[in-house]
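See below for the structure under consideration.
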Amino acid sequence: MRLRAILSAFRDLFSPDQLSARAARPALQWCTRGRRHQSSSVQQQQLPPLPPSPAALTRPSASGIDVATPPAATPLSSAFDLEAMYRCAVDVENVLVAYTIRLQCLQANVGVGVGGRGGGVLAVEAHERVDKGRRGGFTHTITWHITGRANQKIAVSGEGANKREARRHAARQVLHRTWRMQGCEPEAEELSQLTRWMANNLRLRLRAEETQDREISGGQHVCRVQWRIPTADEGLGQLEAHGQGTTAGDAEVQALKNMYMQACKFKSVVLSDIAVRQTADKEERMRQEATRKAANHAASLSSGISPSRLSRKDAGEVNKEHQLITQRLQIEPVWSEVAHDAGYRALLEWKWKNLAGRTNAMTASGIGGSKAVARAEAAIKMLHQTGLQAAIDPQHRAEATAIKEALLRQDMADAVNRTCSLIHGSPPHTWAIFLPHVWRMLLAHVSLLEADALPNGPLPPLVQNVMVAIKTAANDRDGGRVMGVDVWESLLDECPAISARSTSLANRVLDQLVHVPFSPDCFPDLHAYDYFRSMRGLMAFERTEELQQRVDEKRTFYPDACLVMSCEEAVYPMVRLHTFIQDGTQLRKFAEQPLREGDILCLMPTRAKTQDPWGSCFFCRVTSLVKDGGSLVVNLKCASEEPFWDPALISHDEYSVYHIASHVSWLRMTQAIKALAAKRMPPLQGEPPFRYQPEMRLLLLSPTHQHAPTVAQGVSMPEDLRQHMSYEGFRGHPFWEGRSKDGASFETQLWQNMHNNTRRETLKAGKEMQTAASEISDHLATHEEASTAAAASDEGAPLQCPEGLLRNLGVSMPLTEPQQRAVQSALTNRLTLVQGPPGTGKTHTACAIIDAWKRLDSSQRILAVADSNIAADNISAGLRKRSIASLRVGAFRDSDLHDDAIKDMRGYDQYVELRRSGRREEANARRFLLIKEAVRRHTIIIATCIGSGHEMFDEVTFSKVLIDECAQAIEPSSLVPLGRGVDQIVLIGDQKQLPPTILCESAAARGLEVSLFERLLNSNVTEAIMLETQRRMHRSIADFPNRHFYDGRLKDAGVGDDERPPIAGLHWPQGGQCRVALVDVAGCGEEASGTSRANRREIAPLLRVLVQALEHRSVEPTEIGVLTPYVAQKRLLIDALRDMQAGISTSSAWLQGALSGVQVDTIDGFQGMEKDIILFSAVRANAAGALGFLRDPRRMNVMLTRARRGLVVFGDVSTLRQDSRDWGPWVQWAGERGAVIRDGRMDEAFLAA
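Be aware that the sequence shown starts at 1, since it is given in full-length UniProt numbering, and climbs by one per residue.
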């Protein structure tokens, strides 16, 4: 009967009289009839039907907002009936889409001028937040900041039983507040988008088929829309609507609008009938399923098949884990499910191709009461068959689930008790499914409760309980049970995440965790195991200290180096922030490098109701970011679980956001450590892109091995040792045979191919080395003075390489004798160490080696890297000067170099066009592909150590690697370029200069401060070649460093008075023969500044000397360097220079500009650079004679050797003398030359009139 009534209504609606009446109505006006057929969903929200008179427009809604009151008509109502449109927009089915369209359309009008929307909506900034309601349910808060003629702030809150309902409520209020707001009235585009969505959504719900006919009549476009709605008893019902407009799009919108209003009259009846049919169908299917399951259960009992013990939740976790593993292995699993007596039977198949091209396959099946459970059972069997994962007892899974449920209840004590019990009662491979999660929650919990309490005391009881359980299991008398390496790493990496508020807790935990044993299964021997354990633990200490020091620096020195961002949405653990960027200066102040996914940010509430808002800060990781014009949206994930225990942390409207650290460098170094030491990766960890040759593994992991010295010289390894160090094939593992690119893993094939090619190239290289050595001997024999050295070369005497020989090898630059030996070693040995004291031409030597390599074999690929961008730029510039083609990859000063390398490549024009049109993301993606292709085409690549780990290098290998500044790089950083399949390496550095910058004293003391260069040098695996001729410093400046640090081995060349004239305006000691001066700024002027130090008393005399040197104009401002050991003093010096510039009169404009050219830096930031004159502020001045890290002789050596023409040190002589090893002898050396000047006598004794 109901359907007959519908069809009768359809016939009435399309009768000739009705069609004539509709044709007489204006085409651009909404139909307002049929109010009693309003949607039931609207009635549930208590929205009254569209009233026939203004009297009904004042009825309030259940929410207390007069949502039924439509806004007053505007001039736009000539095209749309805004009253009817408003009612449709706030309908429960449409309100969220209407809200989104409203926001997008308003934001699209950013910057509209006077002729635009009401004088211009300059910006609409929206923020949303979801909180738990006070009486249950949820509260959704929306805040809009509207600038322009409207210039208002709208803040509304909506409540609901679930998040969606709460957001609907809030969105409805925003629409009500803005629909009639001047400057924000809906325009045709917004109404058109909303109309199309509403009509399409309703059509889909009614399961209607749509057809359209278009024509032009009387200069107007006419659109006819028909909907055919299926019915149960009489086939199809049909609705028809017409629309007219000046364009086809307008006509279509009007037709859809009319169709929507007509269909709404019958919506509730049709949907009710559809629901009745769906319910009947569902009940029938459920009866059939119940009958089938009962029969299956009876059959399974009779056949002896027991149903799966996995719960649905556990099955979900297993299937997710399986998906992660197959994604990592690049396998597309093939599933099939069939009905089974016990429910369902799932069949899983893995396929891959081996190197011979044969297809390998493995299958597994599982039975369960549902498809998900059956799949989980099959996945468990597959992982077990392939050896990727041991079987886990279902009871243990159930206990792990109980632990997670305790955590969700925030019952940490119960979770820890259950964890300790399960550790004692389960095998170690089971720990992976609960221990990392418990540990993460536990550290966050105690960091909030006990932040930095008892910094040197015992661990908090709950943490101690878990630690004791782990150690007890490891010491089990029945055989130690230890966790997997991936679990151990996950526990390590949680410690840095809590360092924002609790560094001491993180370090106390690490102190114990680094001694916890883990499974050696992934490592070939104890050397590799111990190396990985030591290095990975040190990196965790360093990462913790790095994050904490970055926070301290921002807090103390750079509180303004942040972005103030509004919180759009915060649903634990995700946070979405938004801001507008006016120009690039703001972003550069925020972070030195572009913000990238994985970066660590620190969020500090800007309006926290505490005396110290930094006490409420926490770390987040960037998951994605979107830049659109001046708008920046950053999606974040909390780095720890602290917001889980304290939801107030993510409940703020606004945060000051600080960039703390990059994730890329950390990731590449830790990957390199594991790739070097481990023979295979845990199944849930990605395969690192680094591959090490067996010879490199021996030299890096076991440099004291009996065969290491001969391997370093280029001799082949014994075959059994080579097989042991190759880590290939993962013998005994059915899956890890190696698979081709067409199968699953290109990386495995790449490694295997690289291994095979290397063996062939090793034989070839050995012959070339012998040939080169023979040529060297032949050439040397032609020189009478060199013949004796050549004859003695077999006994280890240094070879004398004449210039003519090196010219024949293609090196077109004059080399000293040690530089010649360095080039020869690089040509013949697998490992070369070159020690380069200050000014001895390390870059010059590096370029000679690269040129010699290239001339010997132009097809071989060479990778030259350095720890810093400055050093890498120097190598690139040196090669360009010598017309040696190379590609500089990475962040560097000459940004046009990349474009020079790719401008002739196909696709460059498209990249330029994308960049000009402002499509940055597409332009950057195109540029990356071009550079990646350029990397493949070039045979000499220049990068930084960390930069060489970029994915653009993943498909290429390098036969030779040269690392400059190797002594200043931490070892994991040097491992990155060495993991590119290299067979020969040259390390250039100076262990007498700055060591790697290590922030954590504990990590430095445990060995992280020892660079790879120094470790190999101390192992005596090969002898280092020392460069001995310095061409930088005036001989008086070089005198003390040469005697004190280099045992007098350095020789001066071209650094006399003529080549290094004195700086005018300064009375240098000994009539200008001594270019070193020590200004004694006596008194205890040192002061603490956070973890740094400063000394204001040293600034005034330093500035007087600086101005004196500038005013006499015998040195360029850019050739003056002001150095200090401490960041706090650096900031004071920069501020003092700015104040001096501001106070200079306009008559001294030259001096004002000159001061801006002076470089101020720390010693650590200046290594590798040089200036004509260096002014050094020593800072330390105290009665105890404490020098801190100024006492480090390597730091002192760097400071003393940066100047070419003059060095002036400002410091407290009585404090410096307390260091009897280094500074005391230097003060004595300066005193013997009359170079010590009292501050009070500086004007008459040192400054020229």
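Glycine is no exception: its CB is placed at the ideal position from the N, C-alpha and C atoms.
Keep in mind that this is a model prediction, so the values were computed, not measured.
Between the stretch 1159 to 1172 and the stretch 861 to 876 there are three or more inter-stretch CB-CB distances shorter than 8 Å, so the stretches are counted as touching. Only buried fits residue 1033, as 16 or more other CB atoms lie within 10 angstroms of its CB.
Excluding its 5 nearest sequence neighbours in each direction, residue 545 has C-beta neighbours in its own chain below 6 Å: 999, 1000, listed in chain order. By the Cβ rule, the stretch 215 to 231 does not count as touching the stretch 174 to 193, because fewer than three pairs are nearer than 8 Å.
With a cutoff of 8 Å on beta-carbon distance, residue 873 and residue 1081 are scored as not near each other. Judged by their CB atoms, residue 1123 and residue 1202 are nearer to each other than the 8 Å cut-off. CA-to-CA, the gap between residue 280 and residue 270 works out to about 16 Å. In the three-state reduction of the DSSP assignment, residue 1041 falls in the helix class.
Annotation: residue 877 to residue 1006 spans about 37 Å, alpha carbon to alpha carbon.
For residue 665, no beta strand (DSSP E) encloses it; the enclosing alpha helix (DSSP H) starts and ends at 663 to 677. Using a 10 angstroms sphere on the CB of residue 976, the tally of other CB atoms reaches 16 or more, which defines it as buried. By alpha-carbon distance to residue 662, the top candidate from 577, 713, 543, 614 is 543.
Excluding its 5 nearest sequence neighbours in each direction, residue 205 has C-beta neighbours in its own chain below 7 Å: 271, listed in chain order. When 440, 1149, 169 are compared, the shortest CA-CA separation from residue 496 is found for 440. In this structure, the alpha-carbon of residue 1008 lies about 20 Å from that of residue 499. Residue 906 is classed as exposed because its beta carbon has fewer than 16 other beta carbons within 10 Å across all chains shown. Taking the C-beta atoms as reference points, residue 344 is found no nearer than 8 Å to residue 379.
Per DSSP, residue 92 lies in no alpha helix (DSSP H) and is assigned neither H nor E. Burial is judged here by how many other beta carbons sit within 10 angstroms of a residue's own beta carbon; residue 593 has fewer than 16 and is exposed. Here residue 329 carries a coil assignment [DSSP, helix/strand/coil]. By the Cβ test, the stretch 606 to 620 is in contact with the stretch 629 to 645, since at least three Cβ pairs between them sit closer than 8 Å. In terms of Cβ geometry, residue 154 and residue 130 do not form a close pair [threshold 8 Å].
Restricting attention to alpha helix (DSSP H) runs no shorter than 4 residues, the stretch 1201 to 1243 encloses them at 1213 to 1216, 1223 to 1232, ordered along the chain.
Distance from the CA of residue 1042 to the CA of residue 1143, rounded to the nearest whole angstrom, comes to 42 Å.
In the structure shown, residue 507 falls within a helical segment according to DSSP collapsed to helix, strand and coil.
Between residue 426 and residue 615, the alpha-carbon positions lie close to 40 Å from each other. When the alpha-carbon of residue 1248 is set against those of 1151, 1134, 1190, 1111, the nearest one is in 1111. A straight line joining the alpha-carbon of residue 421 with that of residue 519 spans about 21 Å. Residue 832 has 986 as its beta-bridge partners, per DSSP. When the beta-carbon positions are compared, residue 448 and residue 412 stay at least 8 Å from each other.
Scanning its chain for C-beta atoms nearer than 6 Å, with the 5 sequence neighbours on each side dropped, one finds around residue 632 the residues 579, 581, in chain order. Excluding sequence positions up to five before and after residue 424, its CB lies within less than 8 Å of the CB of 469, 472, 473, all in the same chain and listed in chain order.
In this structure, the CA atom of residue 696 is about 49 Å from the CA atom of residue 1062.
The beta carbon of residue 1199 sits closer than 7 Å to those of 1123, 1163, 1176, all from its chain and outside the five residues before and after it, given in chain order.
Looking only at 229, 241, 948, the smallest Cα-Cα distance to residue 214 is reached by 241. The beta-carbon separation of residue 679 and residue 522, rounded to 6 Å, stays under the 8 Å limit for a contact.
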